[in-house]
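Student: Here the sequence shown is numbered in the numbering used here, starting from 11 and rising by one per residue.
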Amino acid sequence: MVSPERFSNLPDYAFPRLRKLLAGVTPGPDPVVMTIGEPRHGIPDFVAPTLQRSVAELGKYPPNDGTPELLAAISGWLGTRHGIRVGTDRITILNGTREGLFNAALALCPERKGGRQPVILIPNPFYQVYAVAAAAVGAQAVFVNATPETGHLPDFAALDPETLDATAICYLCSPANPQGSVAGRNYLERLIELAERHDFLVFADECYSEIWRDAPPPGALAVAEGMGLPDRVMMFNSLSKRSNLPGLRSGFAAGSAEAIARFRILRSYAGAPVPLPHQRVSEVAWADEDHVIENRALYQAKYAIADRIFGNVPGYLPPEGGFFLWLPVGDGEAAARQLWAEAGVQVLPGAYLSRDTAAGNPGQGFIRVALVGPAAETEDALTRIRDTLYGKG
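1) Between Ala115 and Ala143, is the Cβ-Cβ spacing less than 7 angstroms?
2) Do the CB positions of Glu235 and Ile132 come within less than 7 angstroms of each other?
3) Between the segment 156-176 and the segment 120-128, can you find at least three pairs of beta-carbon atoms closer than 8 angstroms?
4) Please name the residue in Leu68, Phe166 and Ile103 whose C-alpha comes closest to that of Asn134.
5) So, is Ser364 buried or exposed, given that buried needs 16 or more other C-beta atoms within 10 angstroms?
6) Could you check the C-alpha separation between Ser85 and Leu231 for me, to the nearest Å?
7) Note the first and the last residue of the continuous alpha helix (DSSP H) segment covering Gln289.
8) Check whether the Cβ atoms of Val294 and Phe136 sit closer than 7 angstroms, and answer yes or no.
9) Quick one: Cα of Lys312 to Cα of Ile275, how far?
10) Just checking my contact of Ala345 with Ile377 at CB under 8 angstroms: how many whole Å lie between their CB atoms?
11) Grab the span of the beta strand (DSSP E) containing Thr102 for me, first residue to last.
12) Could you tell me which residues DSSP pairs with Pro133 in its beta bridges?
13) Assign Met11 to buried or exposed, taking buried as 16 or more other Cβ atoms, counted over all protein chains shown, within 10 Å of its Cβ.
14) Quick one: is Gln2 buried, meaning 16 or more other Cβ sit within 10 Å of its Cβ, or exposed?
15) Have a look at Thr36, Pro49 and Pro158 and flag the residue whose alpha-carbon is nearest the alpha-carbon of Asn371.
16) How long is the line joining the alpha carbons of Val139 and Ala282, rounded to whole angstroms?
17) Pairing CB atoms from the segment 188-196 with CB atoms from the segment 323-339, are three or more of them under 8 angstroms?
18) For Gln356, does the count of other Cβ atoms within 10 angstroms reach 16, so buried, or fall short, so exposed?
19) Residues in its own chain within less than 6 angstroms of Arg394 by CB, not counting five upstream and five downstream?
20) If we require 3 or more residues per run, which beta strand (DSSP E) segments fall completely within the segment 247-287?
21) For Trp222, which residues in the same chain have their Cβ closer than 6 angstroms to its Cβ, ignoring the five residues on either side in sequence?
22) Measure from the alpha carbon of Ala149 to the alpha carbon of each residue in Pro185, Ala271 and Phe112, then state which is nearest.
23) Pick from Arg259, Arg318 and Thr102: whose alpha carbon is nearest that of Ser266?
24) Determine the direct distance from the alpha carbon of Pro41 to that of Leu249, and round the result to whole angstroms.
25) Determine, using beta carbons only, whether Leu399 and Ala263 come nearer to each other than 7 angstroms.
26) Assuming Pro49 contacts Asn254 (C-beta within less than 8 angstroms), just tell me the rounded distance between them.
27) Quick check: the Cα distance between Gly383 and Tyr197, rounded to an integer number of angstroms?
28) According to DSSP, is Asp215 helix, strand or coil?
29) Which first and last residues belong to the alpha helix (DSSP H) in which Trp87 is found?
30) Helix, strand or coil for Tyr23 per DSSP?
31) Is it buried or exposed for Thr45, if we count other Cβ within 10 angstroms and need 16 for buried?
32) For Val291, count neighbouring C-beta atoms within 10 Å of its own C-beta (all shown protein chains included) and say buried if the count is 16 or more, exposed if not.
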């Protein structure tokens with residue numbers, strides 16, 4: 011049985027903390043919220059008619075692992091996008107990647123490793139479900155800071171060998187939330203080599219992989235396949251960001267046949283199946299790239315807006331992918347309160363996405379800004395941020 015004490019040291023989630031921080035603060039004129047990573051571009055045209063055609067299937071229990079058509083569509087996308095052949099026995103669908111990132115740890119993390127409590131490595135800052143998964147399986151969460159000095163990517167190889175030998179799972183998000191940094195092929199090769207040397211799994215969270223600036227980010231599973239080490243990686247992706255369908259709750263995990271089989275067993279008991287009409291939409295979405303290209307162009311236009319507005323700000327890092335800005339501000343909480351009060355722009359303090367470590371909290375001096383709104387709204391809000399925090403351009 012999972013002991014409630016495992017969750018006693020989890021801080022409040024970021025958004026309740028933000029509400030407390032801004033309580034009593036009167037926002038400036040024309041408030042704009044730029045905190046939540048919820049895509050606001052239009053949903054694809056094929057969604058409504060596909061749902062209408064399949065609505066009668068709400069009267070059926072959906073297949074937990076995914077329809078044959080959906081698994082084939084995902085397999086085809088992996089071939090087209092990443093150049094790898096992944097059989098449908100190596101894929102399972104998910105009720106969004108958050109469910110998968112949590113349940114995969116339950117399915118695949120051993121109770122002991124090397125005679126001791128297992129370790130789960132977590133980039134810092136990070137998506138909060140990683141820490142909850144570590145707590146749920148009774149693992150020791152080790153937070154590895156990702157800072158400007160490390161290219162905003164965690165340096166897992168710098169950990170001591172004892173910690174690495176005890177590691178069961180390593181989470182990695184690329185493009186990173188919140189920094190927008192991309193793990194290149196060389197970085198992924200080094201991480202997979204490290205996983206092979208110390209016998210752990212890499213959980214590659216790639217839900218932002220189709221939103222990029224100049225070139226598509228490499229996929230961890232594809233890199234592992236090329237190294238002959240596909241068993242070292244489980245990748246996760248979804249339609250939330252790629253296709254502007256966060257409410258569809260449709261994603262997938264892909265890895266080795268053995269790992270997926272174990273994962274499927276757990277999900278057959280405790281997973282939340284994706285409704286059949288949602289699976290039908292997903293079949294179409296994974297097979298269509300036109301809407302993805304159009305969506306990406308909208309974000310690339312907003313990258314250009316951000317670069318123009320913040321290009322002269324010391325420490326500004328143009329994001330390589332994803333849809334967040336990670337802006338240096340000195341004190342993230344103070345900046346968030348000032349922006350809400352003076353500029354009417356709501357942003358998230360970076361410390362709310364990070365944990366304190368011996369080397370400090372890597373998010374303390376940053377704010378996260380979501381570029382999910384229309385271009386004109388984004389330009390206006392970013393200009394307000396610049397003028398309030400850095401002086402008028």
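The beta-carbon is built from N, C-alpha and C at its ideal position, and this holds for glycine as well.
Tutor: In brief:
1) What you label residue 115 is simply residue 105 of the sequence shown in a count that begins at 1. What you label residue 143 is simply residue 133 of the sequence shown in a count that begins at 1. Cβ atoms of Ala115 and Ala143: closer than 7 angstroms.
2) Mapped onto the sequence shown, residue 235 falls at position 225. Mapped onto the sequence shown, residue 132 falls at position 122. Not in contact: Glu235 and Ile132 (Cβ atoms no closer than 7 angstroms).
3) yes
4) Residue mapping note: residue 134 aligns to position 124 of the sequence shown, counting from 1. Of the candidates Leu68, Phe166 and Ile103, the one whose C-alpha sits nearest the C-alpha of Asn134 is Phe166.
5) What you label residue 364 is simply residue 354 of the sequence shown in a count that begins at 1. Burial call: buried.
6) Walking along the sequence shown from the start, residue 85 turns up at place 75. Walking along the sequence shown from the start, residue 231 turns up at place 221. Whole-angstrom Cα-Cα distance: 13 angstroms.
7) Taking the first residue of the sequence shown as 1, we reach residue 289 at position 279. Segment Leu286 to Trp296, the alpha helix (DSSP H) holding Gln289.
8) Reading the sequence shown from its first residue, position 284 is the one you call residue 294. Reading the sequence shown from its first residue, position 126 is the one you call residue 136. For Val294 and Phe136, no; Cβs fall outside 7 angstroms.
9) One-based indexing of the sequence shown puts residue 312 at position 302. One-based indexing of the sequence shown puts residue 275 at position 265. One C-alpha to the other measures close to 42 angstroms.
10) Residue numbering aside, residue 345 sits at position 335 when the sequence shown is read from its first letter. Residue numbering aside, residue 377 sits at position 367 when the sequence shown is read from its first letter. 5 angstroms between Cβ atoms; contact.
11) To locate residue 102, count along the sequence shown from 1; it is residue 92. Ile101 to Leu104 is the extent of the beta strand (DSSP E) around Thr102.
12) Here residue 133 is taken as the residue at index 123 of the sequence shown, counted from 1. Looking at the DSSP assignment, Pro133 forms a beta bridge with Val154.
13) What you label residue 11 is simply residue 1 of the sequence shown in a count that begins at 1. With a pLDDT of 41 at Met11, under the threshold of 50, the modelled position of that residue is not reliable, and no figure is offered here.
14) Nothing about residue 2 can be read from this structure; the chain reaches only from 11 to 403.
15) Counting from one through the sequence shown, the residue named residue 371 turns up at place 361. Nearest C-alpha to Asn371: Pro158.
16) As a working note, residue 139 is residue 129 in the sequence shown. As a working note, residue 282 is residue 272 in the sequence shown. Rounded to whole angstroms, Val139 to Ala282 spans 17 angstroms at the Cα level.
17) yes
18) For the purposes of this step, residue 356 is taken as the residue at position 346 of the sequence shown. Under this definition Gln356 is a buried residue.
19) Within the sequence shown, the letter at position 384 stands for residue 394. Contacts found: Ala353 and Val355.
20) 261-264
21) Translated into the one-based positions of the sequence shown, residue 222 becomes position 212. Gly331.
22) Counting from 1 along the sequence shown, the entry for residue 149 is found at position 139. The residue with the shortest Cα to Cα distance from Ala149 is Phe112.
23) To locate residue 266, count along the sequence shown from 1; it is residue 256. Comparing Cα-Cα distances from Ser266 to each of Arg259, Arg318 and Thr102, the minimum goes to Thr102.
24) Within the sequence shown, the letter at position 239 stands for residue 249. Within the sequence shown, the letter at position 31 stands for residue 41. Their backbone Cα atoms lie some 29 angstroms apart in a straight line.
25) Your numbering for residue 399 matches position 389 in the sequence shown. Your numbering for residue 263 matches position 253 in the sequence shown. Going by C-beta atoms, Leu399 is not nearer than 7 angstroms to Ala263.
26) As a working mapping, residue 49 is identified with position 39 in the sequence shown. As a working mapping, residue 254 is identified with position 244 in the sequence shown. With 8 angstroms as the limit, Pro49 and Asn254 qualify as a contact, their Cβ atoms being about 4 angstroms apart.
27) Translated into the one-based positions of the sequence shown, residue 383 becomes position 373. Translated into the one-based positions of the sequence shown, residue 197 becomes position 187. Distance between the alpha carbons of Gly383 and Tyr197: 32 angstroms.
28) Here the question's residue 215 lines up with position 205 in the sequence shown. Three-state DSSP puts Asp215 in a strand.
29) In the sequence shown, the residue the question calls residue 87 occupies position 77. First-last of the alpha helix (DSSP H) with Trp87: Pro78 to His92.
30) Your numbering for residue 23 matches position 13 in the sequence shown. Reduced to three states, the DSSP call for Tyr23 is coil.
31) Here residue 45 is taken as the residue at index 35 of the sequence shown, counted from 1. Buried, by the Cβ-count rule.
32) Walking along the sequence shown from the start, residue 291 turns up at place 281. Burial call: buried.
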